[in-house]
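Q:
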Amino acid sequence: MKALNAERYYLDLLIPVFLILLAEILIFYGKPEAAMPIHALNLVFLSLSTIFVNNRTYPALMLLPLFRLLNVAMPVFFHLTLYSYVLVYAPMFIPMYMILKERFITAEEAGLTFERFWFFLPVSISMGLALGWGEYMVIKPQMLVVDNDLQQMLILALTMIFFVGIVEEFVFRSSLQTVLQERIGLIGGLVLASVIFGFMHSGYHLTLELLYVSLAGLAFGVLFWLSKSLPIVSLAHGVTNIALFLVAPLKPEILPYLIIGPLFLFFFYAYALDRIKERIAT
Numbered sequence: 135m136k137a138l139n140a141e142r143y144y145l146d147l148l149i150p151v152f153l154i155l156l157a158e159i160l161i162f163y164g165k166p167e168a169a170m171p172i173h174a175l176n177l178v179f180l181s182l183s184t185i186f187v188n189n190r191t192y193p194a195l196m197l198l199p200l201f202r203l204l205n206v207a208m209p210v211f212f213h214l215t216l217y218s219y220v221l222v223y224a225p226m227f228i229p230m231y232m233i234l235k236e237r238f239i240t241a242e243e244a245g246l247t248f249e250r251f252w253f254f255l256p257v258s259i260s261m262g263l264a265l266g267w268g269e270y271m272v273i274k275p276q277m278l279v280v281d282n283d284l285q286q287m288l289i290l291a292l293t294m295i296f297f298v299g300i301v302e303e304f305v306f307r308s309s310l311q312t313v314l315q316e317r318i319g320l321i322g323g324l325v326l327a328s329v330i331f332g333f334m335h336s337g338y339h340l341t342l343e344l345l346y347v348s349l350a351g352l353a354f355g356v357l358f359w360l361s362k363s364l365p366i367v368s369l370a371h372g373v374t375n376i377a378l379f380l381v382a383p384l385k386p387e388i389l390p391y392l393i394i395g396p397l398f399l400f401f402f403y404a405y406a407l408d409r410i411k412e413r414i415a416t
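Following the working numbering, the numbering of the sequence shown begins with 135 at its first residue and continues without gaps.
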């Protein structure tokens, strides 16, 4: 079958996406030994395909099996899970840099800007806290810090924003969502990127978690589409994990106030900006 026909029937997209979802389903059912060869095969297929096919969807998709293989293969150096996040996520900055360097994704498409950052900052924090609280109700994780140590809390916050938030949001929103929207349209790309994001949380082995994270991915996707800002959506993602692994297990009663406060600030920003535009127009 010619490459043109493959693209016409979306086979070039369906096959690697199917392999990603299949591998994650196997992880969901507790069979990582069967899932890892599929991810590895998919990574090789996507890598070789970029040599012969001028398709920027493949470099974006390559990040997914690469991240999963790295996640599983990384040796355990720390008893505290928190410190392992840095080792897993830090290497992903290398392929992210290469994607930007080779201009598979431009800096503008990736949202590498702080334009309107302060405008979207309150809604980003509020959304993150709300999503983290909701996910806590689903999986009820333990805190990733011990003894309420202030230093560990700070490390957790920085790790979740500058490693987990930036890496995952670049992979799923800046890169994957961008190319999928170009290929199958705004809604289709947004939904498919969110579903894949949900399935990549198969390690929790909970159907409700897959559904919830898919919906959370949809929220992050809409925020990225509105703000066009990787810093904003990375902050929202990082705050989600801070709420999930720190605030909700420690002080869940303060979350409603933390969520409502930034929302009022956002509406005030929106109102003030609207009034300024009216005065300029008159």
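Every residue, glycine too, gets a C-beta built ideally from N, C-alpha and C.
Go ahead and pull the three-state DSSP assignment for LEU389.
A: Helix at LEU389.
Q: Please report how far the alpha carbon of TYR223 lies from the alpha carbon of ALA291, in whole angstroms.
A: Approximately 15 Å between the Cα atoms of the pair.
Q: What separation, rounded to the nearest whole angstrom, lies between the Cα atoms of ALA418 and LEU148?
A: The requested residue 418 does not occur in the structure, where the chain is confined to residues 135 to 416.
Q: With a CB to CB cut of under 7 Å and the five nearest residues on each side skipped, what residues in its chain are close to PRO229?
A: For PRO229, where only same-chain residues beyond five positions count, the Cβ hits under 7 Å are LEU197, LEU200.
Q: Give me the Cα-Cα distance between GLY332 and PHE186, rounded to the nearest whole angstrom.
A: Those two C-alpha atoms are separated by around 31 Å.
Q: Using the beta-carbon count (16 or more within 10 Å), is TRP252 buried or exposed?
A: The residue in question, TRP252, is exposed, as its Cβ has fewer than 16 Cβ neighbours within 10 Å.
Q: Taking the beta carbon of PRO365 as the centre, do at least 16 other beta carbons fall within 10 Å, making it buried, or is it exposed?
A: Counting Cβ neighbours within 10 Å, PRO365 comes out buried, since at least 16 surround it.
Q: From this set, LEU320, GLU243, ALA168, which residue's C-alpha is nearest VAL305's C-alpha?
A: Of LEU320, GLU243, ALA168, the residue nearest in Cα terms is GLU243.
Q: Between which two residues does the alpha helix (DSSP H) harbouring VAL463 extend?
A: Because the chain in this structure spans residues 135 to 416, residue 463 falls outside the shown range and cannot be described.
Q: Would DSSP call MET135 helix, strand or coil?
A: Confidence at MET135 is low in this model, with a pLDDT of 45, below 50, so its placement is unreliable and the value that follows should be read with caution. Looking at MET135 - three-state DSSP - the assignment turns out to be coil, as it is neither helix nor strand.
Q: Three Cβ pairs or more, each shorter than 8 Å: is that satisfied between the region 335–350 and the region 315–324?
A: The region 335–350, when compared against the region 315–324, does not touch it at the 8 Å Cβ threshold.
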